[in-house]
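Q:
2 protein chains.
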Amino acid sequence: MARTRFDHWPCSVARAVDLLGDAWMVLILRDAFYGVRRFEDFQSNLGIGRNVLTQRLSSLVEAGMLQRVPYQDRPVRHEYRLTDKGRGLFDIVLALVRYGDDWLAPDGPPVVLRDRETGARVDPIVVDRHTGQPIDPRAITVEPGPGFPEEHLARAKADGRFA
Amino acid sequence: MARTRFDHWPCSVARAVDLLGDAWMVLILRDAFYGVRRFEDFQSNLGIGRNVLTQRLSSLVEAGMLQRVPYQDRPVRHEYRLTDKGRGLFDIVLALVRYGDDWLAPDGPPVVLRDRETGARVDPIVVDRHTGQPIDPRAITVEPGPGFPEEHLARAKADGRFA
DNA sequence: GTAGTCCGTTGCTTGAAAGAACGCACCAGG
DNA sequence: CCTGGTGCGTTCTTTCAAGCAACGGACTAC
Numbered sequence: 073m074a075r076t077r078f079d080h081w082p083c084s085v086a087r088a089v090d091l092l093g094d095a096w097m098v099l100i101l102r103d104a105f106y107g108v109r110r111f112e113d114f115q116s117n118l119g120i121g122r123n124v125l126t127q128r129l130s131s132l133v134e135a136g137m138l139q140r141v142p143y144q145d146r147p148v149r150h151e152y153r154l155t156d157k158g159r160g161l162f163d164i165v166l167a168l169v170r171y172g173d174d175w176l177a178p179d180g181p182p183v184v185l186r187d188r189e190t191g192a193r194v195d196p197i198v199v200d201r202h203t204g205q206p207i208d209p210r211a212i213t214v215e216p217g218p219g220f221p222e223e224h225l226a227r228a229k230a231d232g233r234f235a
Numbered sequence: 073m074a075r076t077r078f079d080h081w082p083c084s085v086a087r088a089v090d091l092l093g094d095a096w097m098v099l100i101l102r103d104a105f106y107g108v109r110r111f112e113d114f115q116s117n118l119g120i121g122r123n124v125l126t127q128r129l130s131s132l133v134e135a136g137m138l139q140r141v142p143y144q145d146r147p148v149r150h151e152y153r154l155t156d157k158g159r160g161l162f163d164i165v166l167a168l169v170r171y172g173d174d175w176l177a178p179d180g181p182p183v184v185l186r187d188r189e190t191g192a193r194v195d196p197i198v199v200d201r202h203t204g205q206p207i208d209p210r211a212i213t214v215e216p217g218p219g220f221p222e223e224h225l226a227r228a229k230a231d232g233r234f235a
């Protein structure tokens, strides 16, 4: 069936996963972060079906995360480059790397990241901006913010969210 | 068709997204982080189909991210609690929140996180552990790590990965 | 003119999501 | 005792997209 859409939920997580949509989206972006730009390279790196790749690239362009830029004439060929909005997703990919390295890599990290200049290992972690410390889910509470739609507030509270 | 599996790729991103699988997985976990534990609550909060929810909860339990714990007899009823492996995913959810708040919330964040003790706003960011600074995708390189399978190394290099 | 490159499009098959209905075990009220 | 309510799934049908392979089209190189 058609995918359920989450893009209008009053929740940043829901909107973000709606944007990513499925696994291929994330993997295409991963490749993009690693420097891949062309259809053929995405396809052979990922082994994704060509029709699916076409569809996903269009979605990413439409969502403003990739930009389709011509790199030659006759015939016109385009490459797909990250926009700022796309680059913002790098943090999500980094969080995935972190988790995969920690929990899904018994033999050690399959790939490591290094600073291009200094050569130092790059080791992403998620922290609170102000304390600089990791965040424990049990130590936080959730409440409606400025972007929470007025008309759903009563309902949400009645349902026991924001308890 | 059957979903393509990524769990054996030599890439932590691929393994992590394979684990998350689809959007529902992430949203179920989000609810779990916010304190939801019971079938009925997941279902009504998310509006997910009951059959799909059943399937997803089983997957999460099987993957070791949730634990099925009885909370009453006659009839026996179970609730679903996060394990440590599941709690590790919170950082990914936080990265999603961050991105959604930054790029997908024109009216401001729909929900805000607060420290349960201090009441201070919690503002997740992804940084390098050593420098404490955000990470720019253009400033990093990728190379094979200890967990990269020996037998694929030659192939990967020939393909121009790790260039 | 034959082969190769790059980027898609088309067509077929199958499996999974969506959605609603049903089942089952128990409790509470009248 | 019978009805209604709660909590947790299971079953069924329909629809839509992933997976896969083949094809096409515009060039370049030999």
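Those protein sequence lines, which keep their order, are chains A and B.
With the first letter of the first sequence counted as 1, position 10 gets the number 82 in this note's numbering; the numbers rise by one all the way through.
With the first letter of the second sequence counted as 1, position 31 gets the number 103 in this note's numbering; the numbers rise by one all the way through.
No residue lacks a Cβ here, since even glycine has one placed at the ideal position from N, Cα and C.
Which residues share a DSSP beta bridge with Val165 of chain B?
A: Its beta-bridge partners do not exist; DSSP assigns none.
Q: Does the beta carbon of Glu112 of chain B sit closer than 8 Å to a beta carbon anywhere in chain A?
A: no
Q: Any beta carbon from chain A within less than 8 Å of Pro196 of chain B's own beta carbon?
A: Under the 8 Å criterion on CB atoms, Pro196 of chain B is classed as interfacial with respect to chain A.
Q: Quick one: grab the DSSP three-state call for Arg170 of chain A.
A: helix
Q: Identify, in the order they occur along the chain, each residue of the same chain with its Cβ nearer than 7 Å to the Cβ of Arg110 of chain A, setting aside the five sequence neighbours on each side.
A: These residues qualify, in order along the chain: Glu151.
Q: Determine the direct distance from the alpha carbon of Gln139 of chain B to that of Val148 of chain B, and round the result to whole angstroms.
A: 15 Å
Q: Inspect the beta-carbon positions of Trp81 of chain A and Arg87 of chain A and report whether they are closer than 8 Å.
A: With respect to the 8 Å criterion, Trp81 of chain A and Arg87 of chain A are classified as neighbours on the basis of their beta carbons.
Q: Jot down the residue ranges of each uninterrupted beta strand (DSSP E) in the region 126 to 195 of chain B, minimum 3 residues, whole runs only, in chain order.
A: 138 to 144, 149 to 154, 183 to 187
Q: Out of B:Asn117, B:Glu189, B:Ala230, state which residue places its alpha-carbon closest to the alpha-carbon of Asp208 of chain A.
A: B:Glu189
Q: Among B:Tyr171, B:Leu161, B:Pro218, which one has its Cα closest to the Cα of Gly158 of chain A?
A: B:Tyr171
Q: Between Leu138 of chain B and chain A, is the shortest Cβ-Cβ distance under 8 Å, so that the two count as touching?
A: Answer no: the Cβ-Cβ gap between Leu138 of chain B and chain A never drops below 8 Å.
Q: Can you find the residues in the same chain that come closer than 6 Å, C-beta to C-beta, to Val98 of chain B, ignoring five residues on each side of it along the sequence?
A: Leu92
Q: So is Val184 of chain B buried or exposed if we call it buried at 16+ other beta carbons inside 10 Å?
A: buried
Q: Considering just the uninterrupted stretch of the beta strand (DSSP E) at Ile212 of chain B, what are its terminal residues?
A: 212 to 216
Q: Output, in chain order, the set of chain B residues within a Cβ distance shorter than 7 Å of Lys157 of chain A.
A: Trp175
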